Amino acid sequence: MLLLFILFSVLCVGQKKNVVILATGGTIAGAAGSGVQSGYTSGQVTIDAMINAVPDITKLAEIKGEQISNVGSQDMSFEIMLKLAKRIAELTKGANVDGVVITHGTDTMEETAYFLNLVCKTDKPIVLVGSMRPSTAVSADGPLNLYDAVAVAADPNAKNRGVLLVMNDWIHSAQSLTKVSTTAVQTFMSPIRGLIGTTAYGVNEYYRLPHSKYGSQSEFSVDNVTALPRVDIIYADVDMPADLIDCSVEKGAKGIVIAGVGNGNMTKSALEACTRAVKKGVTVVRSTRVATGNVGRNVEVNDDQAGTIASYDLNPQKSRILLSVALLKQRKPAEIQKLFSDY
Ligand code: ASP
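Here the sequence shown stands for residues 1 to 343, numbered as in full-length UniProt numbering.
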């Protein structure tokens, strides 16, 4: 029996993992007329061409590529995100898939990563990757990023760490990452919570597990979902007018996220409009336009009185994703507040 076990283990160690790459577009699939120009078009190169550009990738795993879309992620939509989630569910149910990589534009990568973190039930690695320079650029960052992403997706130690993002040697959690630079290759950061790990030419190191719920612990499912409810983000600033909030309600929003100043604050008139919205059944979440730090409940705004929800450590774009998914079901404000602390 022991001999059989040892033989089986030896055979398994020698076996390559199976990784599927789902391509959605972005700068990683972008092309320009020359290697040194700043103008380019996202989503020009196919997944097969991207895989062929990194021949060593096939030493890491057996690779299959699928084209889900080919858009700049400024045009990422809930329709494509739902298609991705459903395809990941199908693929990861099979014993012949060990991990999934998603190539994606960086502009809205945090939304897709966080959405998948909420709705994908698998413990297998799901890794998003992109690049800041198009495939035709001198020193394009896409090929090595793709290599590293496959190395993480094929790594059993990456299992059960939620949806990850691998770029420029760093492994981020979908929950903590945010895009901080419009052009720098080190554009993703995980402020306060820190990195999940690092990767260098296929050698991965892990420091922590995500702190929020994800994967099989998540209560969300989009199995039978074809559209998400409308949730608008409204940006607060000096002398913020209230009518944008009223307009959002009139246009049928089921939820509003305020990208508040400081600790999720806004003008008195905007707060009155939020209270009016809540009375009409719209869920209002207070997040912040500030890059780091929590939005706490009942700090300068009395949430108990206004009926508003504090986003805690979710930024406006991730708050919008959580609220959209949460509003697929009727929930009391206290339940929604709890989701913001759990996810
Ligand atoms: N606009 C591009 C996109 O998000 C930027 C990038 O991929 O870096 O698709």
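All C-beta atoms, glycine included, are put in the ideal place defined by N, C-alpha and C. Keep in mind the model is a prediction, meaning the values are calculated, not measured.
Within 9 Å, strictly: CB atoms of residue i and residue j
{"i": "residue 19", "j": "residue 154", "result": "yes"}
{"i": "residue 176", "j": "residue 210", "result": "yes"}
{"i": "residue 101", "j": "residue 129", "result": "yes"}
{"i": "residue 24", "j": "residue 84", "result": "yes"}
{"i": "residue 257", "j": "residue 320", "result": "yes"}
{"i": "residue 274", "j": "residue 289", "result": "no"}
{"i": "residue 80", "j": "residue 21", "result": "no"}
{"i": "residue 251", "j": "residue 276", "result": "no"}
{"i": "residue 114", "j": "residue 322", "result": "yes"}
{"i": "residue 109", "j": "residue 179", "result": "yes"}
{"i": "residue 282", "j": "residue 255", "result": "yes"}
{"i": "residue 53", "j": "residue 41", "result": "no"}
{"i": "residue 104", "j": "residue 132", "result": "no"}
{"i": "residue 349", "j": "residue 45", "result": "Because the chain in this structure spans residues 1 to 343, residue 349 falls outside the shown range and cannot be described."}
{"i": "residue 90", "j": "residue 317", "result": "no"}
{"i": "residue 181", "j": "residue 343", "result": "no"}
Paired residues, beta bridge with residue i - DSSP
{"i": "residue 67", "result": "23"}
{"i": "residue 181", "result": "In DSSP, residue 181 forms no bridge with anything."}
{"i": "residue 312", "result": "295"}
{"i": "residue 287", "result": "259"}
{"i": "residue 160", "result": "Beta-bridge pairing links residue 160 to no other residue."}
{"i": "residue 17", "result": "61"}
{"i": "residue 128", "result": "102, 165"}
{"i": "residue 340", "result": "BP columns for residue 340 are empty, so no partner."}
{"i": "residue 197", "result": "171, 206"}
{"i": "residue 214", "result": "Answer is none; residue 214 lacks a bridge partner."}
{"i": "residue 265", "result": "261"}
{"i": "residue 233", "result": "257"}
With 16 other Cβ atoms within 10 Å as the buried cut-off, status of residue i
{"i": "residue 291", "result": "exposed"}
{"i": "residue 216", "result": "exposed"}
{"i": "residue 315", "result": "buried"}
{"i": "residue 223", "result": "exposed"}
{"i": "residue 335", "result": "exposed"}
{"i": "residue 207", "result": "exposed"}
{"i": "residue 280", "result": "exposed"}
{"i": "residue 140", "result": "buried"}
{"i": "residue 94", "result": "exposed"}
{"i": "residue 192", "result": "exposed"}
{"i": "residue 232", "result": "buried"}
{"i": "residue 183", "result": "exposed"}
{"i": "residue 268", "result": "exposed"}
{"i": "residue 33", "result": "exposed"}
{"i": "residue 303", "result": "buried"}
{"i": "residue 39", "result": "exposed"}
Contacting residues, own chain, Cβ-Cβ under 7 Å from residue i (five flanking each side not counted)
{"i": "residue 270", "result": "236, 240, 242, 245"}
{"i": "residue 167", "result": "129, 130, 145, 188"}
{"i": "residue 312", "result": "294, 295, 340, 341"}
{"i": "residue 152", "result": "125, 127, 158, 164, 166, 171, 199, 204"}
{"i": "residue 8", "result": "Legend: pLDDT at residue 8 = 48, less than 50; position of this residue unreliable, no value from coordinates given."}
{"i": "residue 266", "result": "236, 240, 258, 260"}
{"i": "residue 65", "result": "21, 23, 47, 48, 51"}
{"i": "residue 61", "result": "16, 17, 18, 19, 150, 154"}
{"i": "residue 190", "result": "172, 173, 176, 177"}
Cβ neighbours of residue i in the same chain (closer than 6 Å, five flanking residues each side left out)
{"i": "residue 228", "result": "78, 324"}
{"i": "residue 278", "result": "284, 307"}
{"i": "residue 337", "result": "309"}
{"i": "residue 58", "result": "none"}
{"i": "residue 43", "result": "25, 29, 70, 71, 72"}
{"i": "residue 11", "result": "Unreliable placement is indicated for residue 11, whose pLDDT of 49 sits below 50; the coordinate value is still reported in the next sentence. Within the same chain, residue 11 has no close Cβ partners at all."}
{"i": "residue 74", "result": "107"}
{"i": "residue 143", "result": "53, 54"}
{"i": "residue 185", "result": "132, 141, 168"}
Residues near residue i by beta carbon distance below 8 Å, same chain, minus five either side
{"i": "residue 221", "result": "119, 121"}
{"i": "residue 124", "result": "92, 97, 98, 99, 100, 159"}
{"i": "residue 161", "result": "125, 173, 196, 206, 209, 210"}
{"i": "residue 194", "result": "176, 207, 208"}
{"i": "residue 147", "result": "54, 56, 57, 60, 201, 202"}
{"i": "residue 87", "result": "22, 66, 68"}
Residue i: CB within 8 Å of a non-hydrogen atom of the ligand ZN
{"i": "residue 72", "result": "Summarising the ligand content, the structure contains the ligand ASP and does not contain the ligand ZN."}
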